[in-house]
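> For reference, the structure I am asking about is given below.
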Amino acid sequence: MQGSKPRLVARALYNFVGQTARELTFRKGELIYVRRQVDKNWYEGELNAMVGLFPTNYVEVCRGKC
């Protein structure tokens, strides 16, 4: 995909269990593709073909290698 910007990836620092159908559930160590930052506390991301919201403080955005 020439011309497309690189996808932002974040590594889960902790397990997170979504409390609503809009939230993304993941386990510590999983890599999540970040689609956008909703606000200072929440990202929207994709994992295993599921899309949802998750807290920014549960992940570390990868800068270079993840």
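Just so it is clear: in the sequence shown, position 26 is 26 by our numbering, and no numbers are missing.
Ideal placement from N, C-alpha and C gives every residue a C-beta, glycine not left out.
Please classify residue 59: is it buried, with 16 or more other beta-carbons within 10 angstroms of its beta-carbon, or exposed?
As a working note, residue 59 is residue 59 in the sequence shown. Under this definition residue 59 is a buried residue.
> When you compare each of 13, 7, 43, 19 to residue 29 by their alpha carbons, which one comes out closest?
Indexing the sequence shown from 1 puts residue 29 at position 29. Among 13, 7, 43, 19, the Cα nearest to that of residue 29 belongs to 13.
> Among the candidates 61, 62, 25, whose CA atom is the shortest distance from the CA of residue 48?
In the sequence shown, counting from the first residue as 1, residue 48 sits at position 48. Comparing Cα-Cα distances from residue 48 to each of 61, 62, 25, the minimum goes to 25.
> In this structure, does DSSP put residue 8 in helix, strand or coil?
Here residue 8 is taken as the residue at index 8 of the sequence shown, counted from 1. In the structure shown, residue 8 sits in a strand (DSSP, three-state: E or B).
> Measure from the alpha carbon of residue 21 to the alpha carbon of each residue in 52, 39, 56, 33, then state which is nearest.
Within the sequence shown, the letter at position 21 stands for residue 21. Nearest C-alpha to residue 21: 52.
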